[in-house]
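Colleague: Numbering (this note's numbering) for the sequence shown: 27 to 464. Glycine residues also receive a C-beta, built at the ideal position from the N, C-alpha and C atoms.
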Amino acid sequence: MAAFITRRALSRRTLLRGAGVAIALPLLESMVPAMSATPRPRPRFGAIYVPHGATLSRWTPKEDGRDFTFSEILQPLAPFRAHINVVSNLGHPLAYGPGGATGNHNRSTASFLSGAKAASGAQPRLGITVDQVAVKTLGQDTPLPSLELMTEDSSLSCGEGLSCAYRNTLAWQGELSPLPMQNNPQAVFEQLFGDGADDSQRAARRAQALSLLDSVSEQVRGINRALPAADRQRLDRFLTDVREIERRITQAGERVDGDVELPTRPNGIPDDIEQHIKLMYDLMALAWQTEITRISTFLMAKELSNAVYPKSGIRDSFHILSHHSNNDDNKARFAVLNRYHIGLLAYFLDRLSKLPDGDGSLLDHSLVLYGSGMSDGNSHNHDPLPILLAGHAAGALQGNRHLRQAQLTPMSNLLLSVLDRLGCREERFGDSTGSLPI
């Protein structure tokens, strides 16, 4: 990259290129042609799935409409009130089916973004998911059409005659095309910022304790000479964030106890589950900030997950605690875990709110769908679901509302409305019967 780049010449697709490195930049003022209006940012969309439902009596706000009181579980989202919509009484009728509890868990994930019924048998068959419909509008001019993330390993045995694909991914390109999800932050980081040209270059960089940014430092200095002060500060903050995330990933993959390596953990996966989730949220934010992609799905935990979250204060495993046996104490402890997960979502929203994007923040220009395909983990039912939206979708969505729907309103009606707010015009989606006035 030549050092004489002018404001007019700096493309939105400018890349910092080095040995095994290709780093997209955030939106800078210098990328907007002189004397022209700031273009309206394209919305970003993310769907985040948590299994096993929630303690709905402690999730659902009591008041409807604007200025509702945040419930016990949702309280961590109070600082983002203006960006929050809680949507109640949605259900996924096609998630019900024959068999026992395991089948209901598998179908919960399958139906969540598809509004379709999971077919029995070894051959998975479902339907396109809402994120992949959005890709047709928002993902055709980005380096990655979409980004699929998870924190756990894929299940290999899922029971009740259902393919493991239903439990292992949220994203389907079509009825026969489940997309794999990545649980290794190191692999995601390389996917976003490495050019994939030479594995040995990346290995050598790690061996020498070099940052990926070291190979582009001269190029950064050249670009900085052509940038106004505000853009230099924005670029510096961005590169600082990249370096910090890289440091955390590297630290997660380092050796422990002298020369003894963790044999069961691929390089880059933290042992601390909270740090793992936060890394994935940070990587999603970076991907959106640079518009490497505008579409993401995140399987924060799989159905039937027995993960334990020590920092929540709850020592029971996730799935076991969801089987509360209608015991009030168990329900209360499960609500603590639900609130803890909402606190991690708040971490992500805070991150988005602090990242400038055009004439607002990344949170202003995003639409985040968060929830579960199961209502009550003890009953294994699929209505009413714990669902909320965050963000303004680049001005297309209001906030500060509890939108209570009629009982048994199809979740697909919300998914159809989400597509509309993202600028994706569809007549119907999944088993929708209409759209919702969101």
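1) Under the three-state reduction of DSSP, which class applies to residue 390: helix, strand or coil?
2) Compare the C-alpha of residue 418 against each of 443, 389 and 250 and name the closest.
3) Nearest to residue 487 by CA position, among 54, 462 and 458, is which residue?
4) Short of 7 Å in beta carbon distance, which residues of its chain neighbour residue 306, apart from the five on each side in sequence? Order them along the chain.
5) Since residue 344 is in the alpha helix (DSSP H), which residue starts that stretch and which ends it?
6) How is the alpha helix (DSSP H) around residue 242 delimited, first residue to last?
7) Do you know whose CA, among 366, 108, 316 and 329, lies nearest residue 340's CA?
8) Does the contact criterion of 3 or more C-beta pairs under 8 Å hold for the segment 345-353 versus the segment 293-304?
9) Helix or strand or just coil, what does DSSP make of residue 324?
10) Could you give the C-beta distance for residue 114 and residue 428, rounded to a whole number, given that I count them as a contact under 8 Å?
11) Name, in chain order, the residues that DSSP records as bridge partners for residue 198.
12) Is the distance from the Cβ of residue 448 to the Cβ of residue 393 below 8 Å?
13) Let's see if you can read the secondary structure: which residues bound the beta strand (DSSP E) around residue 49?
14) Please name the residue in 125, 378, 453 and 400 whose C-alpha comes closest to that of residue 105.
15) Would you kindly report the start and end of the unbroken alpha helix (DSSP H) that includes residue 216?
16) Quick test of the definition: if touching needs 3 or more C-beta pairs under 8 Å, does the segment 162-175 touch the segment 132-148?
17) Contact check, residue 81 vs residue 364 under 8 Å by CB: the rounded distance?
18) Can you list, in chain order, the stretches of the alpha helix (DSSP H) that have 4 or more residues and sit fully within the segment 71-142?
19) Tell me the rounded alpha-carbon separation between residue 425 and residue 314.
Modeller: Quick answer:
1) DSSP places residue 390 outside both helix and strand once states are collapsed to three, so it counts as coil.
2) For residue 418, the closest of 443, 389 and 250 by C-alpha to C-alpha distance is 389.
3) With the chain represented from 27 up to 464, any question about residue 487 goes unanswered, as that position is not in the structure.
4) 175, 177, 211 and 324
5) 344-348
6) No alpha helix (DSSP H) contains residue 242, which DSSP labels as neither H nor E.
7) 366
8) They do not touch, by the three-pair rule.
9) strand
10) 7 Å
11) Answer by DSSP bridge pairing, in chain order: 204.
12) yes
13) 47-50
14) 378
15) Annotation: the continuous alpha helix (DSSP H) that includes residue 216 extends over 211-219.
16) no
17) 6 Å
18) 127-138
19) Each residue's Cα considered, the two are about 21 Å apart.
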